[in-house]
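Quick note on the UniProt record's numbering: the sequence shown kicks off at 1 and runs consecutively.
Here a beta-carbon is modelled for each residue, glycine too, at the ideal position from N, C-alpha and C.
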Amino acid sequence: MPEVTLVLLVAVIGAALLFDYINGFHDTANAIATCVSTRALTVRTAIFMAAGLNFVGAMISTKVAATIGKGIVDANNITQVVVLAGIFGAIVWNLITWYYGLPSSSSHAIIGGLAGSVVAHAGTSALHWAGLKKIITVLIASPIVGAFFGFMFMVGMMWVFRNKAPYNLNKVFRKLQIFSAAVMAFSHGTADAQKSMGVITMALVSYGSLATFDVPNWVKISCAVAMGLGTAAGGWRIIKTVGHDFVKLQPVHGFCVETASAAVILGASAMGLPTSTTHVITSSILGVGLSKRISAVNWAVAYRIVLAWIITIPASASVGFVSYTVFSPFLGK
1 MPEVTLVLLV AVIGAALLFD YINGFHDTAN AIATCVSTRA LTVRTAIFMA
51 AGLNFVGAMI STKVAATIGK GIVDANNITQ VVVLAGIFGA IVWNLITWYY
101 GLPSSSSHAI IGGLAGSVVA HAGTSALHWA GLKKIITVLI ASPIVGAFFG
151 FMFMVGMMWV FRNKAPYNLN KVFRKLQIFS AAVMAFSHGT ADAQKSMGVI
201 TMALVSYGSL ATFDVPNWVK ISCAVAMGLG TAAGGWRIIK TVGHDFVKLQ
251 PVHGFCVETA SAAVILGASA MGLPTSTTHV ITSSILGVGL SKRISAVNWA
301 VAYRIVLAWI ITIPASASVG FVSYTVFSPF LGK
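This is the structure we're talking about:
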């Protein structure tokens, strides 16, 4: 049986890295949609810049990984099959939303998937309700903060540069937007690669390879590389939804969106709080759009984004629950 357990551990690590890869191309739009839509960068250049900075950001800290690994479920109820089913739930939901071009949250998906699989394994008592409440509160609050920051930052820019010609202003901000997109890509790495680091480390503790929850360097590097490669693969479906269909953006708007989003994400990551980079930046775009006028927002797209936001955790939890139910008779508990 030790051989079976080892095979399961390898499967979990492989699935977590696959999730990180999918997260990379699923969430590429978070960092680069606005600078592509304003033509500050070409799609190819923007994607490769984001890939490199996602890697760098992923190597900086493991605070979010610790929150994911220890704050959702009771460690005594973690098995390789539980983790594998949870990751599978997140992957399935990410692929569904990517196919339909919906900017859903990979953070919501992995939290939902793990919660669903552990409930199937040990019931609701195995969940850390205090930790889940804290995580979900942050995931809900961060888009609201993003929208507020985006709105206020844009209003401030409009006041500061109220006497400047729009053409000259956009030339300046098209260059500044390259910097803001780079910071956004870096912040995306600090937040999103951490989820898979937490999941893999959780599996290593369950297997007995680690006595305490401490993310090994090889896990950091593997997750950073997987996310970077996924980002390099691109994600044009979601880039189009976020950067073109939601709100029409000029370079000054894109700069405000990326700067406001990066501030929220980096602040949360520094405190070890997982945010949805997807929903932070889409809400920042909403805030910037509202600073122009209500009709500047494509409310049909906004409805689809909010719908994905609401249903991602229960949907991925359902897939995680069903996956554990299907896997456990063949792979064990």
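Item                                                                                           : Value
Proximity below 7 Å, CB of residue 337 to CB of Val280                                         : For the chain, the structure presents residues 1 to 333; residue 337 sits outside this window and is missing.
Paired residues, beta bridge with Leu127 - DSSP                                                : Val73
Simplified DSSP assignment, three categories, for Asp214                                       : coil
Close beta carbons around Gly230, own chain, < 7 Å, minus the five adjacent residues each side : Asp20, Tyr21, Ile22, Asn23, Gly24, Phe25
Cβ separation of Val7 and Ala203, assumed to be a contact under 8 Å, to the nearest whole Å    : Their Cβ separation, rounded to whole angstroms, is 12 Å, which puts Val7 and Ala203 out of contact at 8 Å.
Straight-line Cα distance separating Ile200 from Val83                                         : 9 Å
Close beta carbons around Phe186, own chain, < 7 Å, minus the five adjacent residues each side : Leu53, Val56, Gly57
Top-ranked residue by Cα proximity to Trp129, from Ile313, Ile72, Leu286                       : Ile72
Host alpha helix (DSSP H) of Pro329 (start-end)                                                : 299-331
Alpha carbon of Thr278 to alpha carbon of Ala85, nearest angstrom                              : 23 Å
Span separating the alpha-carbon of Gly146 from that of Val215                                 : 29 Å
Candidates Leu114, Val252, Asp74, Phe88, of which the one nearest Phe161 by Cα                 : Val252
Host alpha helix (DSSP H) of Pro274 (start-end)                                                : That residue, Pro274, is in no alpha helix (DSSP H); it is neither H nor E in DSSP.
Arg44, DSSP secondary structure in three states                                                : helix
Assigned exposure category for Ile140 - 16 Cβ within 10 Å defines buried                       : exposed
Residue from Ser104, Gln250, Thr137, Gly113 whose Cα sits closest to the Cα of Ala154          : Note that residue 154 corresponds to Met in the displayed sequence, not to Ala. Closest option to Met154, Cα to Cα, is Gln250.
Contact between the stretch 87-103 and the stretch 36-51 (3+ Cβ pairs under 8 Å)               : no
Cβ-Cβ distance between Asp74 and Ala126 below 7 Å                                              : yes
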